[in-house]
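This report concerns only the one structure given below.
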Amino acid sequence: MKILFSCILLILSFNFNDDPRERFSYQEHSQLTWQDFKGVPPQGAHHFASVNCGMGYSFSSKSIDGDLKVDVQVTSYFYPQLSWKKNINESNAALLAHEQLHWDISELYARKLRAAFTKYVPQKNPKKEIDFIFRKFEKDRQQLQSKYDGETNHGLIKDAQEIWSIKIKEELFKTSAES
């Protein structure tokens, strides 16, 4: 009886547990609005807003005539509950554009990662190999996000922000043509 109760409790906790990691993909919702920022700013936050986005993957494999075939799916995600804004004027288009470009950078790296996986040939341990490739692209994505914030001073340097916006939009255009 104790085991049955524990199992029922476990099932209920999975069904009714609100997931603070609510997310949507770039394909579902590529243009951000301030309503997408549902999180609470951390105490002592120095910035006016913060976007929480990234990328993830899943894969499946099967053996066909002795050859291992692997299918890798890559998605960029935005996490509304982890993205926040302070009490700001929601007509602040410049700040929203800065945060949008962080989201665009994540999608850019998801596209680059997808392209890399189309060339991937599994060797001995696909799970380990795929994770290694993912981590390399994730590290590059994070470095570019930091460089972007540094060179634009979090969007405050308007000329630098415009240069970055053009650069990332061009890269997104190129990668969409390659897909």
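Heads up: the sequence shown is residues -17 to 161, going by my numbering.
By construction, the Cβ of each residue, glycine as well, lies at the ideal position given by its N, Cα and C atoms.
Please read all numbers here as calculations on a predicted model, not as lab measurements.
When DSSP labels each residue in this structure, what does G132 get in the three-state scheme? DSSP places G132 within a helical segment (H, G or I) once states are collapsed to three.
Helix, strand or coil: which one does DSSP assign to Q105? coil
If you compare alpha carbons, which of P104, G137, D141, R93 is closest to E120? For the options P104, G137, D141, R93, the alpha carbon positioned closest to that of E120 is the one of R93.
If we count Cβ pairs, one from each stretch, closer than 8 Å, do we get three or more for the stretch 70 to 90 versus the stretch 9 to 29? yes
Per DSSP, which residues does L50 bridge with? Please list them. S45
Just grab the DSSP bridge partners of W66 for me. Looking at the DSSP assignment, W66 forms a beta bridge with G21, S32.
Is the CB-CB distance between S43 and P104 below 8 Å? yes
In terms of DSSP beta bridges, what is S58 paired with? M37
Under 8 Å: do the stretch 144 to 157 and the stretch 79 to 86 share three or more Cβ pairs, one atom per stretch? yes
With a cut-off of 8 Å, do at least 3 Cβ pairs link the stretch 30 to 42 to the stretch 55 to 62? yes
Could you give the first and the last residue of the continuous alpha helix (DSSP H) run that contains A92? 75 to 100
Own chain, CB closer than 8 Å to W146, minus 5 neighbours either side, in chain order: L83, Y130, E133, T134
Near V22, which residues of its chain fall below 8 Å by C-beta distance, leaving aside the five closest residues on each side in sequence? W66
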